[in-house]
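Undergrad: Line by line, the protein sequences give chains A and B.
For the first sequence, the working numbering begins at 134 and goes up steadily by one.
For the second sequence, the working numbering begins at 7 and goes up steadily by one.
No residue lacks a Cβ here, since even glycine has one placed at the ideal position from N, Cα and C.
Next up is a structure, given as structure tokens.
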Amino acid sequence: MDERATGQVREAIRRELETDARPRSEAPAPGKGVPVIELQNVSLAFDEPILEDISFKAFEGETIVIVGESGTGKSTALKLMLRLLIPQQGRVLVDGEDITDLSFEDALEVRQKMGMVFQGAALFDSLTVLENVAYPLREHTNLSDEEIERRVSEKLEFVDLEPDEVLDKLPSELSGGMRKRVGIARGMANDPEIMLYDEPTSGLDPLTTGTITRLIMKLQRELKVTSIVVSHDIRSSFRMATRVALLNERRIVFLGSPEEMAVSDDPYIQDFLGGL
Amino acid sequence: MSELILRLNSRAKSTVLSIQEYFTLAWNALRFIFARPFYTQDVIQQMDEIGVKSLGIVLLTGLFTGMVLALQSSIQLQTFGATMYIGRLVAGSMIRELGPVLAGLMVAGRVGSGIAAQLGSMKVTEQIDALNTLGTDPIKKLVTPRVIAALVMLPVLTIINDMVGIIGGNLIATLMLGLPTSLYWRTVWEQIIAGGFVFGVIPNDFVQGLLKPLVFGGIIAITACFFGLRTTGGTEGVGEATTRAVVTASILILVSDYFLTQILLSVLHMP
Chain A
134 MDERATGQVR EAIRRELETD ARPRSEAPAP GKGVPVIELQ NVSLAFDEPI
184 LEDISFKAFE GETIVIVGES GTGKSTALKL MLRLLIPQQG RVLVDGEDIT
234 DLSFEDALEV RQKMGMVFQG AALFDSLTVL ENVAYPLREH TNLSDEEIER
284 RVSEKLEFVD LEPDEVLDKL PSELSGGMRK RVGIARGMAN DPEIMLYDEP
334 TSGLDPLTTG TITRLIMKLQ RELKVTSIVV SHDIRSSFRM ATRVALLNER
384 RIVFLGSPEE MAVSDDPYIQ DFLGGL
Chain B
7 MSELILRLNS RAKSTVLSIQ EYFTLAWNAL RFIFARPFYT QDVIQQMDEI
57 GVKSLGIVLL TGLFTGMVLA LQSSIQLQTF GATMYIGRLV AGSMIRELGP
107 VLAGLMVAGR VGSGIAAQLG SMKVTEQIDA LNTLGTDPIK KLVTPRVIAA
157 LVMLPVLTII NDMVGIIGGN LIATLMLGLP TSLYWRTVWE QIIAGGFVFG
207 VIPNDFVQGL LKPLVFGGII AITACFFGLR TTGGTEGVGE ATTRAVVTAS
257 ILILVSDYFL TQILLSVLHM P
């Protein structure tokens, strides 16, 4: 990439960082207290290596965005945090508790601290929106039907959906953006302390992308949840991230604030930012 | 040459691994029948899906199988002038063999494909991962209810299949061969008691005819869930999983039928 193009990209990113008048995710000083999620030298391979020696800590209230090219194991990293996958080497800690060797049943418990938003929303297609969002509440609490419906409506309102309009609809009757929002509502239904997002804005139009990005920031700001976002959309990533982790060739090659990333001299980072 | 051996080796390993996974799934699915939480709603829904909705095809297969049995055997029996025993032949074949096996094969086709396709598409759209994430064991929520429903409904469907088949035989015997209905049913009853009784009350034929569908029910549900849950590769994978589920379940039904018959005959007809 030539000098001029790099300059233009940096300028665009600087503008993105400065002109966004809405309160950006405030960076809580990292290093305080027990990390909410910690990966220690994690390696994973199926037929070939996918992640090698990955280490990072996420502290309370942070939004860490993991970016990288397709197929670099970003989504796999999320599955490790949920213990849907078990690393061959290294440890995964949630709230300081080592979840690497937990039994299947105990892992189900730990996962209740986390809300996950899947790439395609992964709503249960035989259930209505109400039943989808209510699922974690029905499964793990003894709340009355009225109370459950009240909470579901509250969550749907939080994600800017009109409960009366969508409650009885099936996922197939919703648009892509609405499905994503219902997915977020379901993820946050039992008030988890950690939210994980797998490509929350992929396949959405620019306007909806903006809406979802603001929603993730709203969750972080108002509910103080710790968020890990996997994304390849640099623009929205820079807006919501307190820190950005860049994955390349199975390793984390950069971990720092968006500002630090924008001014980095590393040729790969420049290439990655320029290749938008 | 050594490459061929290596390939055979890895093929053998993956086959053994699959068999191990199959039995682990079967064990877990059966174990969870007695473990909380119980998904009663799902069990009832699956009973409707597997049992009630299969009624139509089971009625049709039963009726026509009974009719064709009566028709074919009448020709054989006429040679010996023994047409009056047609009820024995139809009842014996239906209750011991054709009822369970045909109900099993029909349900394997209808329900096995449905289960594999449903779980397969849930797998490729990450809904299985979502269940896990929301703190639910997918085996407990999805596999166990289907296994319970199949274990209960297949014997029920088989009884209906047997009954309709024998009635079909009756139709042919009366309408085409001119055999009185009362005589037909008397020979049916003779066939049932001729096989002997377990504990002096349950006819041996009934034990044989109901143990088989119980096993077939388990085979259908577990095989379909097994292939559904290991679906990979998008919608194409779902199609492949469906085909494999039906083919494997059908073959397992026929093979296990032979061995079950062998075992049951030696156990039930002990002096």
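Is B/T238 helix, strand or coil by DSSP?
TA: coil
Undergrad: Taking C-beta pairs closer than 9 Å, name the residues in chain B that A/L215 reaches, listed in chain order.
TA: D135, N138, T139
Undergrad: Quick one: measure Cβ to Cβ for B/K146 and B/F232, integer angstroms, because I've assumed they're closer than 8 Å.
TA: Not really, about 15 Å apart at Cβ, beyond 8 Å.
Undergrad: In terms of DSSP beta bridges, what is B/M182 paired with?
TA: B/M182 pairs with nothing; no bridge assigned.
Undergrad: Looking only at its chain, what residues have a beta carbon closer than 6 Å to the beta carbon of A/L300, apart from the 5 residues adjacent to it on each side?
TA: V262, L263
Undergrad: Would you kindly report the start and end of the unbroken beta strand (DSSP E) that includes A/D297?
TA: Taken as a continuous stretch (DSSP letters only), A/D297 belongs to no beta strand (DSSP E), being part of the alpha helix (DSSP H) at 296 to 299.
Undergrad: Any Cβ of chain A within less than 8 Å of the Cβ of B/E55?
TA: Put simply, the CB of B/E55 is far from chain A, with every gap to its CB atoms at 8 Å or more.
Undergrad: Give a yes or no on whether the minimum CB-CB distance between B/D48 and chain A is below 8 Å.
TA: no
Undergrad: First and last residue of the beta strand (DSSP E) that includes A/A178?
TA: 170 to 178
Undergrad: Under DSSP, the alpha helix (DSSP H) around A/S369 begins and ends at which residues?
TA: 367 to 373
Undergrad: What is the rounded straight-line gap between the Cα of A/A374 and the Cα of A/L388?
TA: 11 Å
Undergrad: Closest to A/E282 by C-alpha separation, out of A/A267, A/A378, A/Y330, would be which residue?
TA: A/A267
Undergrad: DSSP puts A/Q222 in a beta bridge; with which residues?
TA: A/S176
Undergrad: Taking 8 Å as the cut-off, decide whether the C-beta atoms of A/G310 and A/L352 are in contact.
TA: no
Undergrad: Count the CB pairs spanning the region 198 to 217 of chain B and the region 95 to 103 of chain B that are closer than 8 Å, and state whether there are at least three.
TA: yes
Undergrad: Against A/H365, what residues of chain B qualify as contacts under a CB-to-CB distance less than 8 Å, listed in chain order?
TA: Against chain B, the beta carbon of A/H365 has no neighbour under 8 Å; the closest one sits roughly 18 Å away.
Undergrad: Determine the direct distance from the alpha carbon of A/R216 to that of B/Q268, and round the result to whole angstroms.
TA: 46 Å
Undergrad: Compare the C-beta of B/E132 against all C-beta atoms of chain A and say whether one is closer than 8 Å.
TA: yes
Undergrad: Output the boundary residues of the alpha helix (DSSP H) element that contains A/K313.
TA: 309 to 320
Undergrad: Is it right to say A/I327 is buried, meaning 16 or more other beta carbons lie within 10 angstroms of its own, or is it exposed?
TA: buried
Undergrad: Hey, does B/T142 have any beta-carbon neighbour from chain A nearer than 8 Å?
TA: yes
Undergrad: So for B/S127, helix, strand or coil by DSSP?
TA: helix
Undergrad: Going residue by residue through the region 352 to 406 of chain A, where are the continuous alpha helix (DSSP H) segments of at least 4 residues, counting only ones entirely within it?
TA: 367 to 373, 391 to 395
Undergrad: Below 7 Å, is the gap between the Cβ of B/G68 and the nearest heavy atom of the ligand FAD?
TA: Ligands displayed in this structure: none; no statement on the ligand FAD is therefore possible.
Undergrad: Below 9 Å between beta carbons is the criterion; list the residues of the region 246 to 267 of chain A that meet it against any residue of chain B, in chain order.
TA: M247, G248, M249, F251, Q252, G253, A254, A255, L256, F257, D258, S259
Undergrad: Taking only the alpha-carbon atoms, compute the straight-line gap between B/R152 and B/E132 and give it to the nearest angstrom.
TA: Distance between the alpha carbons of B/R152 and B/E132: 20 Å.
Undergrad: Is there a Cβ from chain B that is less than 8 Å from the Cβ of A/R384?
TA: no
Undergrad: Following the continuous alpha helix (DSSP H) through A/D239, name the residue where it begins and the one where it ends.
TA: 237 to 243
Undergrad: Please report the Cβ distance between B/G57 and B/L104, rounded to the nearest whole angstrom; I am assuming they are in contact, meaning their Cβ atoms lie under 8 Å.
TA: Contact doesn't hold; Cβ gap of about 20 Å is too wide.
Undergrad: Can we say the region 236 to 253 of chain A touches the region 115 to 127 of chain B, given the rule of at least three CB pairs closer than 8 Å?
TA: no
Undergrad: Secondary structure at A/A154, three-state DSSP: helix, strand or coil?
TA: The predicted model places A/A154 with a pLDDT of 45, which falls under 50 and marks its position as unreliable; any figure quoted below should be read in that light. Three-state result, A/A154: coil.
Undergrad: Using a threshold of 8 Å, state whether the C-beta atoms of A/P333 and B/G141 are closer than that.
TA: No. Outside cutoff.
Undergrad: Measuring only the C-alpha atoms, how far is A/P220 from A/D180?
TA: 14 Å
Undergrad: Rounded to the nearest angstrom, what separates B/G240 and B/M182 at their Cα positions?
TA: 54 Å
Undergrad: Are three or more beta carbon pairs between the region 78 to 88 of chain B and the region 149 to 163 of chain B nearer than 8 Å?
TA: no
Undergrad: Quick check: the Cα distance between B/F86 and B/P186, rounded to an integer number of angstroms?
TA: 19 Å
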